[in-house]
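What follows is one structure encoded as structure tokens, with my remarks underneath.
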Amino acid sequence: MKLNKLKEQVAKAETTKAQALVQLERAKKPPRKSHTNSKTVNESKDCAIKATEDARKRLSRLKKRILDLETAREKYVTVITELDAAKQELRKVRQDCDASLEAKIAAVNQTEEAEHAAIRQCPKKTNLHIET
Numbered sequence: 001m002k003l004n005k006l007k008e009q010v011a012k013a014e015t016t017k018a019q020a021l022v023q024l025e026r027a028k029k030p031p032r033k034s035h036t037n038s039k040t041v042n043e044s045k046d047c048a049i050k051a052t053e054d055a056r057k058r059l060s061r062l063k064k065r066i067l068d069l070e071t072a073r074e075k076y077v078t079v080i081t082e083l084d085a086a087k088q089e090l091r092k093v094r095q096d097c098d099a100s101l102e103a104k105i106a107a108v109n110q111t112e113e114a115e116h117a118a119i120r121q122c123p124k125k126t127n128l129h130i131e132t
């Protein structure tokens, strides 16, 4: 009987050993991560799509800013051109004013000289009338 019990124990041990070897082989194989890999791939895909959408939005905003800057630059160039024209016109008006002032001063001087000459001539005329 002891022999039969020992044989049974050996048989159970061999069965347990075989099961352990099968489990060991399974443990050596890389685990199946198809579900996990699929989830990771989907998350990466979603992240890439979101990043692409964000980049497109930033690009759109950047294009709008560039357009706004170009419009502002065009307005700036127009205003600077108008300002330059106004400055030139102001210079011309100032030159005309200076020329007019010089002409007026010359006319006043000429008038004063004429008056002085007339005053100098008046006594002579008076003397002439007296002598005659």
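Residue numbers (full-length UniProt numbering): 1 to 132. Backbone N, C-alpha and C fix where the C-beta goes; we use that ideal spot for every residue, glycine too. Since we're looking at a predicted model, the values are computed, not measured.
From glutamate 25 to glutamate 43, what distance separates their C-alpha atoms?
Working through the sequence shown from its first residue, we reach residue 25 at position 25. Working through the sequence shown from its first residue, we reach residue 43 at position 43. Their Cα atoms are separated by approximately 32 Å.
Would you tell me roughly how many angstroms separate the C-alpha atoms of aspartate 46 and valine 77, rounded to the nearest one?
As a first step, residue 46 is located in the sequence shown; it is residue number 46 there, counting from the start. As a first step, residue 77 is located in the sequence shown; it is residue number 77 there, counting from the start. One C-alpha to the other measures close to 46 Å.
Helix, strand or coil at lysine 29 [DSSP, three-state]
Stepping through the sequence shown from its first residue, residue 29 is reached at position 29. Lysine 29: coil per DSSP, three-state reduction.
Give the straight-line distance between the Cα atoms of leucine 3 and glutamine 9, rounded to the nearest whole angstrom.
Residue 3 sits at position 3 when you count from the first residue of the sequence shown. Residue 9 sits at position 9 when you count from the first residue of the sequence shown. The alpha-carbon atoms of leucine 3 and glutamine 9 are separated by roughly 10 Å.
Just how far apart, CA to CA, sit leucine 69 and alanine 48?
Walking along the sequence shown from the start, residue 69 turns up at place 69. Walking along the sequence shown from the start, residue 48 turns up at place 48. Taking the straight line joining both Cα atoms gives about 31 Å.
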